[in-house]
Amino acid sequence: MICELAARTHRIVTIEDHNRMGGFGSAVVELLADNDLRDVQVRRIALPDQFLGQGPADSLRSEHGLSVSGIIDAACELTDFTVNVHVDAGRLMVRT
296 MICELAARTH RIVTIEDHNR MGGFGSAVVE LLADNDLRDV QVRRIALPDQ
346 FLGQGPADSL RSEHGLSVSG IIDAACELTD FTVNVHVDAG RLMVRT
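So that you can map any letter, position 81 of the sequence shown is 376 in this note's numbering, and since no number is skipped, the others follow by simple counting.
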């Protein structure tokens, strides 16, 4: 399924709530290479491979793009698509 989507869209965003190296994104990149899908743009969102210090988990994730807005921003960068995202009464609102 990943290869089919990559061949059709030429774009993939992976999301990993752990370190980047050896994570899901790395496995996807290997899968694409093994299937000769080399013209696919891949954006891996993950925590950096370094000590992050302490703090609330949500804050640390958000600093590294692991938030709703960070994920949407990464997808928009790959597609040249623009959306407006905000939270209204606890609900995520997306406007194109």
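Glycine is no exception: its CB is placed at the ideal position from the N, C-alpha and C atoms.
Original post:
Per the contact definition of three or more C-beta pairs closer than 8 Å, is the segment 353-372 in contact with the segment 318-332?
Top reply: no
Original post:
At what residues does the beta strand (DSSP E) containing V363 begin and finish?
Top reply: Here V363 belongs to no beta strand (DSSP E); instead the alpha helix (DSSP H) covers 363-374.
Original post:
By a C-beta neighbour count over all protein chains shown, 10 Å radius and 16 as the cutoff for buried, is L387 buried or exposed?
Top reply: exposed
Subject >> Residues near C298 by beta carbon distance below 8 Å, same chain, minus five either side >> reply: L326, L327, N330, L332
**OP:** Using beta-carbon positions only, say whether L342 and H313 come within less than 8 Å of one another.
**Re:** yes
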